[in-house]
Amino acid sequence: MSETEPGEAANSWTKAQTAIIDETVHNLRRMSRLPLLWQRAQRVKKGATPSEVVYEEDRLKLLHYVTDQPRKFKTPLVFVFALVNRPYILDLMPGRSVVEHFVHAGFDTYLIDWGVPTHADRHLTLDSYVNGYMVNTMEQVAERTGSPRANILGYCMGGTMSAMFTALHPERVKNFILMAAGIDFATRDSLLNVWTDPRTFDVDAFVDAFGNCPAEFLQASFLLLKPVANFIEKPINLIEHVDDDEFVDDYLTMETWLNENIAVPGEVYREFVKYLYQQNLLVKNRLPVGRHLVDLRRITCPVLNLMASKDDLVPCAQSEPFNDLVGSTDRKTLKLAAGHIGLAVGSRAQREIWPQACEWLAQRSEPIHSARRRAPRRKKL
Amino acid sequence: MAAQAKNASMSDQGEGAQEATDPFRQGAEVFTKFWTDFANKMAAAGFAAAPGATPPEATRQVRSAILKAMSEASDEFMRSPQFQEMMKQSLANSIQFRKQLNEWLGQMQHEFQGTSRQDVDELMQVMKHLEHRMSDGFERLSVRLDALEKARPKPAPPVTSPRKKSRRAPARVRSRSKP
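Chains as they are written, first to last, in this note's numbering: chain W, 4 to 384; chain C, 31 to 209.
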């Protein structure tokens, strides 16, 4: 026994020394790649699926995704994104695109790009967006496709706004997919809910002084939600994987999007914080949008609620109650162990959630072929 | 003796109450608690490496545990009333600064007979108000028209009604352009 102990010790010492040398060499190799990061960051592509602008109003652009694939469903699908970031996260890159899934499944797919607001837009309210821009966009889509109703997929703040739209204009929505969207703001799971407490945050004074909610303010708030992960873990992770081209490309694309925050029109921000975060009026069916109150019970179309269980921005407790608040009987919830962004671009989401969501929507959408087949039968009768 | 004891307990209570309401002491206590908890978590994390791990691997494991402890501590801290108070003060200061800046810039513009942002905002407010009044008016008119439509006696069906109906029906359908 006394003979083996020194041997084992020497062996483990050698192993440790080898590991240290390997790690040092590896680190030197990684460091040598760091100067190339800047070049790679310049080459980041935004958006994977080809699209064309089919409608414009003020700063809003309606994108239509162009594809060679045949359209399989009559009802179009419209993506509604939040006002706080650019919408290309839904079509980030090939293989990590929510849009791609639906386009390949045969849906005629559109996306609302709200554009970047300027100071002139500070007076725009939720009414301007929900009863103005969204109504006009849906009319445009209806005119283009010949389908009076559309499927809607709303993500994050866009999901909340889509819920308002669906409740106010139920005749325009065939199926509704809610994706990581806040509905019940009573929870204190997210730090945003804690910070927007009326005793802490005077939203009126803030909007009166700043006009639009500055992008930098939003960015700082989002980064502070997970300071250790954002300021320490993330850079370390990048350095450790800097020699992995795929990882670097993903990282840079993601960071480009994350750092592209945009200002939120002042009045919308005021209404969103005051009526939702502070007074939680949506679940009480007392949220005023223009001259109307949003009553979620008016939503009777099929509803699919997608949630991310590790979401620090919109925790599940915020979107889970939605299915019980609507008047629909066809309701489904899908939950994934991912973060807020991971639900859209994560590899697990691509494998598990989006094929299911496409299937769910396909089952509830009218195929183009069946409509053509039915016609001759009617003639015979 | 009893009176003395009562006085003593009252003075203790008084001191205790004073301690409890002293914001400096409260802040210091929270700060101390935060760092004590944090140090404890960090110390616990220091022993988290698996025994057979190589030094780089052990470093990674310890680092991961330390970062997790830091993350938990920071989350706890950012939920504390003290952090919220700090945030409130900081926001109030930046709002005050922004207001003063707006006023100063506005005055500068006015001195040079220019148009300030406040002027444009006020103009926008007036336009918004006008828009609201007009849309309110239209809505009222629409309601009255609906009421009149309902109140109007239904005309007797004309003889050639089927033809007329069939002619009118397509006109109501919206023209649709091909996608």
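Every residue, glycine too, gets a C-beta built ideally from N, C-alpha and C.
If you measure from the beta carbon of residue i to each beta carbon in chain W, is any gap under 8 Å?
i	result
C:R55	no
C:P183	no
C:P86	yes
C:K158	yes
C:Q114	yes
C:R147	yes
C:R206	Unreliable placement is indicated for C:R206, whose pLDDT of 38 sits below 50; the coordinate value is still reported in the next sentence. Yes - at least one Cβ of chain W is within 8 Å of the one on C:R206.
C:R109	yes
C:Q118	The identity of residue 118 of chain C in the sequence shown is Lys, whereas the question assumes Gln. Closer than 8 Å to some Cβ of chain W, the Cβ of C:K118 qualifies, so yes.
C:S17	There is simply no residue 17 of chain C to check, as chain C begins at 31 and stops at 209 in what is shown.
C:L153	no
C:L121	yes
C:S172	no
C:N70	no
C:A199	Model confidence at C:A199 stands at a pLDDT of 41, short of 50, so the residue's coordinates are unreliable and nothing is read from them.
C:L135	no
C:L97	yes
According to DSSP, what are the bridge partners of residue i?
i	result
W:I155	W:V81 and W:F179
W:V292	W:H295
W:I403	There is simply no residue 403 of chain W to check, as chain W begins at 4 and stops at 384 in what is shown.
W:R334	W:V306
W:P370	W:F76
W:R99	W:M96
Going by alpha carbons, who is nearest to residue i out of the options?
i	options	result
C:T66	C:A186, C:A103 and C:R90	C:A103
W:D130	W:H107, W:R99 and W:H172	W:H172
C:P111	W:L296, W:V197 and W:L316	W:V197
C:M108	W:L255, W:V102, W:L39 and W:S224	W:S224
W:H107	W:Q72, W:N134 and W:L337	W:Q72
W:I302	W:P230, W:T169 and W:L284	W:T169
W:R33	W:D94, W:D247 and W:E174	W:D247
W:H343	W:E60, W:G149, W:S193 and W:T121	W:S193
W:G293	C:Q148, C:R93 and C:H159	C:H159
Just to confirm before moving on: does the CB-CB distance between residue i and residue j stay below 8 Å?
i	j	result
W:P291	W:L127	no
W:R125	W:T78	no
W:L339	W:A352	yes
W:K277	W:V206	yes
W:Y91	W:K49	yes
W:F188	W:Y280	yes
C:S124	C:L135	no
W:N326	W:V297	no
W:D116	W:A51	no
Any Cβ of chain D within less than 8 Å of the Cβ of residue i?
i	result
C:R128	The question asks about chain D, but that chain is absent: this structure's protein chains are W and C.
So with Cβ pairs under 8 Å, would you call residue i a contact of chain C?
i	result
W:A12	no
W:A232	yes
W:F209	yes
W:H107	no
W:V292	no
W:T332	no
W:H122	yes
W:H295	no
W:I115	no
W:D198	Before going further, note that residue 198 of chain W is Trp rather than Asp in the sequence given. Answer yes: the Cβ-Cβ gap between W:W198 and chain C drops below 8 Å somewhere.
W:A374	No answer about W:A374 holds up, because its pLDDT of 48 lies below 50 and its placement is not dependable.
W:E60	no
W:H126	yes
W:T140	no
W:K18	yes
W:K64	no
W:L194	yes
W:A22	yes
Would you decide whether residue i is buried or exposed? Buried here means 16 or more other CB atoms lie within 10 Å of its CB.
i	result
W:S35	exposed
W:G98	exposed
W:G185	buried
W:K177	buried
W:T17	exposed
W:R147	buried
W:W415	What the structure shows of chain W is the stretch from 4 to 384, and residue 415 of chain W is not part of that stretch, so it cannot be assessed.
W:T21	exposed
W:D333	exposed
C:I96	buried
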